Amino acid sequence: MPKRILFLLLTAIAARVSAQSVLDAYLRIGLDSNLALHQRNFDCQRAGLDLRRARSLFYPQAGFSSQYTVANGGRSQAIPIGDLLNNVYSTLNQLTGSNKFPQVANQSIQFLPNDFQDTKVEISLPILNTDLLHNKEVSSETVNVRRAEYEVYRRDLVRSIRQAYYQYLQAGKAVDIYTAALVSVKENRRVSEKFVENHIATREIVLRSQAQVSQVESALIEAENDRRNATAYFNFLLNRPLDSPILTDPSLLTAAPSGDGARSAEGARSAEVAAVAANSVAPAVNGGAPAVGAITGREELTRLRSYQRILQSNLKWNRNYLIPRLNAFYDIGYQGFGFHFNGDQFYQLAGVNLSWTIFKANDNKYKIQQARIDIDAVGEQYRQLTQQLTLEQQTALNNYRSAMEALRALADESGSAREAYRLAERRFNEGQALQVELIDARTQMTSAEIRYSLGRLAVLNRAADLERATAAYKF
554 MPKRILFLLL
564 TAIAARVSAQ
574 SVLDAYLRIG
584 LDSNLALHQR
594 NFDCQRAGLD
604 LRRARSLFYP
614 QAGFSSQYTV
624 ANGGRSQAIP
634 IGDLLNNVYS
644 TLNQLTGSNK
654 FPQVANQSIQ
664 FLPNDFQDTK
674 VEISLPILNT
684 DLLHNKEVSS
694 ETVNVRRAEY
704 EVYRRDLVRS
714 IRQAYYQYLQ
724 AGKAVDIYTA
734 ALVSVKENRR
744 VSEKFVENHI
754 ATREIVLRSQ
764 AQVSQVESAL
774 IEAENDRRNA
784 TAYFNFLLNR
794 PLDSPILTDP
804 SLLTAAPSGD
814 GARSAEGARS
824 AEVAAVAANS
834 VAPAVNGGAP
844 AVGAITGREE
854 LTRLRSYQRI
864 LQSNLKWNRN
874 YLIPRLNAFY
884 DIGYQGFGFH
894 FNGDQFYQLA
904 GVNLSWTIFK
914 ANDNKYKIQQ
924 ARIDIDAVGE
934 QYRQLTQQLT
944 LEQQTALNNY
954 RSAMEALRAL
964 ADESGSAREA
974 YRLAERRFNE
984 GQALQVELID
994 ARTQMTSAEI
1004 RYSLGRLAVL
1014 NRAADLERAT
1024 AAYKF
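In the working numbering, the protein residues as written are 554 to 1028.
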C-alpha cells in the first residue's frame, strides 16, 4: 500500500515536477523495494548477528542438566569381602565367646548405576582461548564484506534503474517517430491516389505508397513492443506490477545538446553527474590517467581490504597454536541413588581445564605458509583491481565524451534530413519531384531521427556508466 500511495502522489504532481525529480523518486522506490537488494540486506543482518554471537562467547555460559538411569546387568566387579573377613570374625567370636561379629557375604559392584540421578547447574568461562578472538575478528570483517557487497549492488541498481528509465524514454520516442512517419506516408498515399485519379501519375505510385505504409506500420508495431518490454523491465527493477504506468518527461530526449564538453543532452541532472564524475577523474580530463586516490573509496576495494584482514587474522591464529586453551567450570547440584534432594546428595565441583597442542607434525607450520601465500595473492588482487577501476573510469569518461561528440553529429544529420524531406515533400506535392525521391527523403529522415534518439540514449547511458565508475551517486 505505501508504494501504491507514493505512485499516486507522483501521478498527481507529474505536471509540476521535473524529469529528474521523477527519476530520483523512482530511484528511491527501487532502493527501498528491489528484492535482490533486500536479499543482500538480509546477508548483512545475518553477518551482524554472527558478530554478536561471537562476542557472546566471551561471557560465562550456564546450563542445567538432569540425568536419571535405571540399569540391569552389564559389567560388574566382585569384591571378596566374606572370604577376607569371615575367618577373622569367627576367630573373634571364639575369643570373646559371643556372636558380635556375624558372617558377611561376598559383594559384587555393578558398573552401570541403577536408580541413579545427577541433577546439576554447570557454569563455564573461557579464560584464555585464541579461537574465540579469531572468530570475533573474522565475524567483524565479514560484516564489512557484506556491507560492501550491499553498497556495490546498490550502485549497480542505481545505474540499472537509470538506464532502464532512459531505455523506456527512448522506446517511447521511437514510437512517436514512427507514428509521425506513419502520418506522413499515409498523407503521401492520399496524394498519390489523387494524382492517379487526375491522371497525373500511374497506379504504381499508389502501390509504392502502400508499401511504405506497411513498412512503417511494421516498424511501429516493433517499437511499441520494445516500449512494453522496457516498461516491464523498469517495473521489475522497482518490484512493481510489470504493466504499471511510468511517469515521463520527454525533455531528457528532446533538449538541444550543448556545445560544452562538460554539458550533455540528458539535462541538468546528468550534466551535474558528468561534472562530478569529471572532477573525480580530473587528471583524465587533462589528458592523463585518473589518480589512484580517486578510487580509494570504492566499495569493491573496501571489500577486498576486509578479505585481506580476514586472512591476516587467519595468519595470526595459525601462529598462536602454541598458546594453550584455558577454561574454568563450576558445577552445583545433587547426585546419588534415588531422587533425594538433601544434604547427602548435594555437591559442588569446580576446576580448570587446560588444553595444549604440542606436536602436529608441522601441520601448523604449513598452515602459516599457506596463509602468507593467501595474503600475498589478495595484495596482487588489490593492485589489479585498482588498475581495473582506474581503467574503468578512464574508459567511462572516454565513452561519455565520444557519445557527446557523436550526438552533435547526429543532431546535424537529423536536422538536415528533416529539412531535405520538407523540401522533397513540397516539390512532390507540386509535381516537380519523383515519388522515389520523396520515399528516399522520408526514409532518411526517419532513420536519422531514430539514430539521433539512440544517440541521446547512448549519452544518457554513458553518463550513468560514468556516475557508476566514479561512485558519484550520493545515497
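Don't be surprised by glycine CBs; every beta carbon is placed ideally from N, CA and C. Model, not experiment: these values are computed from the prediction.
In this structure, the straight-line span from the alpha carbon of Ile632 to that of Phe890 is close to 20 Å. When secondary structure is reduced to three states using DSSP, Tyr731 falls in the helix class. In the three-state reduction of the DSSP assignment, Ser651 falls in the coil class, being assigned neither a helical nor a strand state. Segment contact: the stretch 698 to 712 against the stretch 890 to 904, fewer than three CB-CB distances shorter than 8 Å; contact not assigned. If you look at Glu852, you'll find it isn't in any beta strand (DSSP E); it sits in the alpha helix (DSSP H) that goes 852 to 872. Contact between Ser692 and Asp796 does not hold, since their C-beta atoms are separated by about 44 Å, which reaches or exceeds 8 Å.
Where Ala1025 is concerned, there is no enclosing beta strand (DSSP E), because DSSP gives it neither an H nor an E. Inter-residue distance for Asn659 and Leu665 is about 19 Å (C-alpha atoms, whole angstroms).
The Cβ neighbour count for Val623, taken over all protein chains shown within 10 Å, is under 16; the residue is labelled exposed. DSSP, read as helix, strand or coil, puts Ile774 in helix. In the DSSP assignment, Gly904 forms a beta bridge with Phe882. Under the 10 Å beta carbon count, Lys726 is surrounded by 16 or more other beta carbons and is classified as buried. In the DSSP annotation of this structure, the continuous segment of the alpha helix (DSSP H) that includes Val931 starts and ends at 916 to 982. Our two residues, Ser629 and Ala903, have alpha carbons roughly 30 Å apart in a direct line. Here Thr672 is bridged, per DSSP, to Ser619, Tyr887. About 25 Å separates the CB atoms of Thr999 and Ile799; that is not less than 8 Å, and the two are not in contact.
Taking each of Ser618, Leu686, Ser643 in turn and checking the Cα distance to Ser609, the smallest one comes out for Leu686. Sequence-distant Cβ neighbours of Leu638 in its own chain, meaning closer than 8 Å and more than five residues away, are Val657. When rounded, the separation of the alpha-carbon atoms in Asp668 and Gln620 is 10 Å.
Here Tyr874 has Thr910, Asn917 as same chain residues with Cβ atoms under 7 Å from its own Cβ, once five neighbours each way along the sequence are excluded. The alpha-carbon separation between Phe611 and Leu678 amounts to approximately 7 Å. Short of 7 Å from the beta carbon of Phe1028, and not among the five residues preceding or following it, lie these beta carbons of its own chain, in chain order: Arg707. By DSSP's assignment, Pro679 forms a beta bridge with Asn880. Here the alpha carbon of Leu722 sits roughly 41 Å from the alpha carbon of Thr695. Nearest to Leu681 by alpha-carbon distance, out of Pro655, Pro613, Ile714, Ala1001, is Pro613. A Cβ-Cβ separation of about 56 Å leaves Val931 out of contact with Gln997 under the 8 Å criterion. Under DSSP, Ile632 forms a beta bridge with Gln660.
An exposed status is given to Ala914, since fewer than 16 other beta-carbon atoms sit within 10 Å of its beta-carbon.
Between Gly616 and Glu704, the C-beta spacing is not below 8 Å.
In this structure, DSSP gives Gln768 a helical state, which the three-state scheme calls helix. Following the DSSP letters along the chain, one finds Leu875 in no alpha helix (DSSP H), marked with neither H nor E. If you draw a 10 Å sphere on the C-beta of Val989, you find fewer than 16 other C-beta atoms in it, and that means exposed. A contact is defined here as three or more CB-CB pairs under 8 Å, and the stretch 961 to 975 fails this definition with respect to the stretch 875 to 883. Within the DSSP bridge table, the entry for Gln614 names Ser677 as partners. Cβ contact annotation for Ser745 (same chain, cutoff 6 Å, sequence separation greater than five): Ile758, Val759, Ser762, in chain order.
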